[in-house]
Amino acid sequence: MIRENSDMILSVRNLTAEVDGTEILKGVNLEVRAGEIHAIMGLNGSGKSTFSKVLSGHPDYAVTGGEVSYLGQDVLALEPEDRARSGIFLAFQYPLEIPGVSNLDFLRVAYNSKRKHEGQEELDAFDFDELVRDKLDVVKMDAAFLSRSVNEGFSGGEKKRNEILQMALLEPKLAILDETDSGLDIDALKIVAEGVNQLSNSDNAMLVITHYQRLLNYIVPDYVHVMANGRIIRTGGKELALALEERGYDWVLNEAAAGVAG
0 MIRENSDMIL SVRNLTAEVD GTEILKGVNL EVRAGEIHAI MGLNGSGKST FSKVLSGHPD
60 YAVTGGEVSY LGQDVLALEP EDRARSGIFL AFQYPLEIPG VSNLDFLRVA YNSKRKHEGQ
120 EELDAFDFDE LVRDKLDVVK MDAAFLSRSV NEGFSGGEKK RNEILQMALL EPKLAILDET
180 DSGLDIDALK IVAEGVNQLS NSDNAMLVIT HYQRLLNYIV PDYVHVMANG RIIRTGGKEL
240 ALALEERGYD WVLNEAAAGV AG
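Using numbering that gives the first Met the number 0, the first residue of the sequence shown is number 0, and each one after it goes up by one.
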């Protein structure tokens, strides 16, 4: 049984995973404690999004080795819905549209499912309506979005803001943001980042997956990790993201290759 420090939210040890028989993750190690924001950066195909999907329990990704502990429990033994109810939240790079399901109904079902899991009474429609309208301010969304089908006809920025609205309601212990900045103009990026910053506190943790340093101008990480070829090859502070912006990834890849060769 894995024993963690009391402030440890996520511990990943030598995680390997494959999709359709192809190995993608080749030994990921990571520790995330309460109150921390971690950014994972890397080129396309490095394994960043695969890592987020494995943590959330996507059925297309098969874990072939290693351990993942979340709040001291073996998260790999949990079904995806149980991971979500226990406080693991994934904001998708490409949020899905769900025609015919109102945003309000979707949010209420998700919220009440989590409350039931925690042994609390479900909120009725009136109380939930009041709660969700308070949360709209976090992402500066108009209440009209609540009556529309989930993400249907939403712009890229509106879809991402809707993801952060879900996060505001569910109050996850571990929020995984998979390229939340993808497709956002600067105004939408600032709104989404503001929402994330409002929701970050000393009791939860954030894992921010991104290609670009610009998101990290607004969501300042405690740690920056570079992923390549299914592994984390370098870890640093905010200055590492700035160096990647200025110099690209080749120098990090070359140093990692030289280290392996040596």
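Even glycine gets a Cβ: it sits at the ideal position worked out from N, Cα and C. Since the model is a prediction, treat every value here as computed from it, not as a measurement.
* Quick one: complete alpha helix (DSSP H) runs, 4+ long, within the region 4 to 28? -> none
* How about His210 and His37: are their beta carbons less than 9 Å apart? -> no
* Cβ separation of Ser45 and Asn228, assumed to be a contact under 8 Å, to the nearest whole Å -> 7 Å
* **Cα-Cα separation between Phe127 and Arg107, rounded to whole angstroms** => 7 Å
* Asked: So, helix, strand or coil for Leu89, using DSSP?
  -> strand
* Asked: So, do the region 102 to 121 and the region 186 to 201 have three or more beta carbon pairs nearer to each other than 8 Å?
  -> no
* In the structure shown, what three-state DSSP assignment does Ala33 receive? -> coil
* To do: Note down, in chain order, each residue of its chain lying with its Cβ closer than 8 Å to the Cβ of Ala240, except the 5 sequence neighbours on either side.
  => Ala38, Met40, Gln212, Leu215, Pro220 and Val223
* Asked: From Tyr93, Glu22, Gly71 and Tyr69, pick the residue whose C-alpha is nearest to that of Ala61; which is it?
  -> Glu22
* How many Å lie between Pro94 and Lys159 at the Cα? -> 7 Å
* On the premise that Arg12 lies in contact with Glu66, defined as a C-beta separation below 8 Å, what is that separation, rounded to the nearest angstrom? -> 5 Å
* Return the CA-CA distance between Glu178 and Gly236, expressed in angstroms with no decimal places. => 19 Å
* Starting from His224, follow the alpha helix (DSSP H) in both directions and report where the run begins and ends. => Run containing His224: none in the alpha helix (DSSP H); it sits in the beta strand (DSSP E), Tyr222 to Ala227.
* Integer-rounded CB distance, given that Gly56 should sit under 8 Å from Arg82 -> 5 Å
* Asked: Helix, strand or coil: which one does DSSP assign to Gln119?
  -> coil
* Which value, in whole angstroms, describes the spacing of the CA atoms of Glu157 and Asn150? -> 8 Å
* Could you check if Asp180 is buried or exposed, using at least 16 other CB atoms within 10 Å of its CB as the buried criterion? => buried
* Asked: Considering only the beta carbon of each residue, do Tyr217 and Asn196 sit closer than 9 Å?
  -> yes
* Asked: Mind checking Gly99: buried by the 16 CB within 10 Å criterion, or exposed?
  -> exposed
* Indicate whether Ile163 and Leu198 have their beta-carbon atoms separated by less than 9 Å. => yes
* Per DSSP, which residues does Arg233 bridge with? Please list them. => Val225
* For Leu206, which residues from the same chain have a beta carbon less than 6 Å from its beta carbon, with the 5 sequence-adjacent residues on both sides left out? -> His37 and Ile175
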